[in-house]
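Engineer: The numbering of the sequence shown is the numbering used here, which starts it at 10 and goes up by one.
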Amino acid sequence: MPWVKETAVIGGMTKIRKAGSGLPFTPIGLCSTVQQTHETNELRLEDTTQPLGGTYDKLEKITQMGIQLNMREIFSRNLALQIYGTVYDVPSTSVTGETHIAEVGGTCKLDKMPLTIESVVDAETGAIEYVEDVDWMLTGAGFEVLDGGDLATAIAGVTEGESFSVEVDYTCADYDEIEAITDSGQEWEIMFEGANAVGTKGKINAFYWRVRFGLAESMDFISVEDFMGQTVTAEVLADSGRGVGRSAYMKINKQKNVPVAA
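1. In the structure shown, what three-state DSSP assignment does Gln59 receive?
2. Please return the same chain residues whose Cβ sits closer than 6 Å to the Cβ of Ser128, not counting the five positions on each side in sequence.
3. Tell me the residue span of the alpha helix (DSSP H) that contains Asn87.
4. Going by the CB atoms, is the gap between Gln195 and Met80 shorter than 7 Å?
5. Does DSSP put Leu224 in a helix, a strand or coil?
6. Between Val96 and Asp192, is the Cβ-Cβ spacing less than 7 Å?
7. Apart from the five residues on each side of it in sequence, which residues of its chain come closer than 7 Å, Cβ to Cβ, to Tyr65?
8. Reducing DSSP to helix, strand and coil, say where Leu160 ends up.
9. Kindly give me the distance between the Cβ atoms of Val220 and Glu202, rounded to whole angstroms, as I take these residues to be in contact under 8 Å.
10. Are the C-beta of Cys181 and some C-beta of chain C separated by less than 7 Å?
11. If you draw a straight line from the alpha carbon of Gly158 to that of Leu88, how long is it in whole angstroms?
12. Going along the chain, which residues of its own chain have a beta-carbon closer than 8 Å to the beta-carbon of Gly211, five neighbours each way excluded?
13. Could you work out which residue in Thr42, Met146, Thr58, Tyr217 is closest to Glu82 when comparing CA atoms only?
14. Once the 5 residues before and after Gly75 are set aside, which same chain residues still bring their CB inside 8 Å of it?
15. What separation, rounded to the nearest whole angstrom, lies between the Cα atoms of Asn50 and Gly62?
16. Across which residues does DSSP place Thr46 in a beta bridge pair?
17. If you run the structure through DSSP and keep just helix, strand and coil, what is Gly250?
18. Between the alpha carbons of Cys117 and Leu160, how many angstroms are there, rounded?
19. Taking all protein chains shown into account, do 16 or more other C-beta atoms lie within 10 angstroms of the C-beta of Trp291, making it buried, or fewer, making it exposed?
20. Figure out for me which residue from Thr148, Asp144, Val167 has the closest Cα to the Cα of Asp156.
21. Would you grab the beta carbon distance between Cys181 and Pro123 for me? Rounded to a whole angstrom, and I think it's under 8 Å.
22. Report yes if the C-beta distance between Met22 and Pro33 is below 7 Å; otherwise report no.
23. What three-state label does DSSP hand Ala204 in the structure shown?
24. Assuming the contact rule is C-beta atoms closer than 8 Å, Met259 and Phe222 should be a hit. Round their C-beta distance to whole Å, please.
25. Leu224 and Ile110 look like a contact to me (Cβ under 8 Å); what is the Cβ gap, rounded to whole Å?
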């Protein structure tokens with residue numbers, strides 16, 4: 010067989026599904042790196058049959074296979090993977106009469122993520138309605154009382170030691186609620202579908218049967234100099250059902266005899 014150049018410049022998409030589910034794989038989005046890792050423990054027997062020594066025998070035991078992903082997209086499932094999280098879908102709905110204590114310059118956090126606020130009124134009588142961007146302004150999680158408006162004046166007039174409350178009617182956004190440290194035992198299958206831009210320009214796919222993600226060492230919430238990325242690590246576990254002569258951990262499919270483009 011003649012020698013064929015097979016250098017590599019590989020790109021591709023990483024996809025996952027619940028281990029053993031049989032469901033279709035779905036993408037986790039752009040990954041800047043996908044790296045398989047190994048840890049070993051070497052047993053070495055010194056050769057004492059001669060003064061200069063050497064190695065008489067050795068055994069390298071694999072203690073861990075892992076996979077490391079630098080994920081560049083913040084899909085809710087990706088965030089949950091990083092923090093052992095559970096994702097709850099919260100549909101958009103109308104909320105009425107939600108009561109909060111108001112203070113000038115402080116942010117009142119609403120129970121749900123607001124999309125729009127329809128009204129803010131005094132909780133005692135409900136007769137005085139306060140105006141958006143004059144008395145208060147919408148924020149990502151609720152609303153902030155502005156200085157100089159009628160609401161600020163009403164708050165200033167409250168007897169010392171007492172508080173001023175408002176009732177809020179609003180429409181919440183359609184959003185995901187990700188609860189951290191609630192599910193550390195989930196196992197996933199990972200599939201990498203890649204293609205080589207050089208060499209024979211064939212496909213290369215990698216499959217991991219049982220993978221358990223680790224808790225992220227850190228998690229960034231601000232990134233303004235570059236696109237945000239988060240490195241996550243996972244351990245590849247053995248799948249005892251793979252059969253004789255088959256890897257319990259992973260396999261690679263590499264295309265050969267790639268048809269020449271016309």
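We put the beta carbon where it would ideally sit given N, CA and C, even for glycine.
Structural biologist: Working from what's here:
1. One-based indexing of the sequence shown puts residue 59 at position 50. Of the three classes helix, strand and coil, the one that applies to Gln59 here is coil, per DSSP.
2. Start at 1 with the first residue of the sequence shown, and residue 128 comes out as number 119. Contacts found: Glu138, Asp178.
3. Numbered from 1 along the sequence shown, position 78 holds the residue referred to as residue 87. 85 to 91 is the span of the alpha helix (DSSP H), which, as asked, contains Asn87.
4. For the purposes of this step, residue 80 is taken as residue 71 along the sequence shown, with counting starting at 1. For the purposes of this step, residue 195 is taken as residue 186 along the sequence shown, with counting starting at 1. Cβ atoms of Met80 and Gln195: not closer than 7 Å.
5. By one-based count along the sequence shown, residue 224 stands at place 215. Coil at Leu224, not helix or strand.
6. Indexing the sequence shown from 1 puts residue 96 at position 87. Indexing the sequence shown from 1 puts residue 192 at position 183. Not a contact, by the Cβ cut-off of 7 Å.
7. Position 56 of the sequence shown holds residue 65. Excluding residues within five positions, the ones whose Cβ falls inside 7 Å are Leu54, Glu55, Asp56.
8. For this step, residue 160 is matched to residue 151 along the sequence shown. If DSSP states are grouped into helix, strand and coil, Leu160 belongs with the helices.
9. If you number the sequence shown from 1, residue 220 lands on position 211. If you number the sequence shown from 1, residue 202 lands on position 193. With a Cβ gap of about 16 Å, Val220 and Glu202 do not count as contacting.
10. No chain C appears in the structure shown, which is made up of a single protein chain.
11. Taking the sequence shown and counting its residues from 1, one reaches residue 158 at position 149. Taking the sequence shown and counting its residues from 1, one reaches residue 88 at position 79. When rounded, the distance between both Cα atoms is 40 Å.
12. Reading the sequence shown from its first residue, position 202 is the one you call residue 211. For Gly211, where only same-chain residues beyond five positions count, the Cβ hits under 8 Å are Ala204, Asn205, Lys263, Gln264, Lys265, Val267.
13. In the sequence shown, residue 82 corresponds to position 73, counting from 1. Considering only alpha carbons, the answer is Thr42.
14. Looking up residue 75 in the sequence shown gives position 66. Excluding positions up to five away in sequence, the list reads Gln45, Thr46, His47, Glu48, Thr242, Ala243, Glu244, Val245.
15. By 1-based counting over the sequence shown, the position of residue 50 is 41. By 1-based counting over the sequence shown, the position of residue 62 is 53. So the alpha carbons of these two residues sit roughly 21 Å apart.
16. Numbered from its first residue, the sequence shown carries residue 46 at position 37. DSSP lists Gly75 as partners of Thr46.
17. In the sequence shown, counting from the first residue as 1, residue 250 sits at position 241. Helix, per DSSP.
18. Start at 1 with the first residue of the sequence shown, and residue 117 comes out as number 108. Start at 1 with the first residue of the sequence shown, and residue 160 comes out as number 151. The alpha-carbon atoms of Cys117 and Leu160 are separated by roughly 13 Å.
19. Nothing about residue 291 can be reported from this structure: the residues present for the chain run from 10 to 271 only.
20. As a first step, residue 156 is located in the sequence shown; it is residue number 147 there, counting from the start. With distances taken between Cα atoms, Asp156 lies closest to Asp144.
21. For the purposes of this step, residue 181 is taken as residue 172 along the sequence shown, with counting starting at 1. For the purposes of this step, residue 123 is taken as residue 114 along the sequence shown, with counting starting at 1. Indeed they touch by this definition, with Cβ atoms about 6 Å apart.
22. Looking up residue 22 in the sequence shown gives position 13. Looking up residue 33 in the sequence shown gives position 24. Not closer than 7 Å, so no.
23. As a first step, residue 204 must be located in the sequence shown, where it is residue number 195. Note: Ala204 maps to strand in three-state DSSP.
24. To locate residue 259, count along the sequence shown from 1; it is residue 250. To locate residue 222, count along the sequence shown from 1; it is residue 213. The pair is not a contact, with the Cβ atoms about 16 Å apart (cut-off 8 Å).
25. Looking up residue 224 in the sequence shown gives position 215. Looking up residue 110 in the sequence shown gives position 101. Not confirmed; about 35 Å, so no contact.
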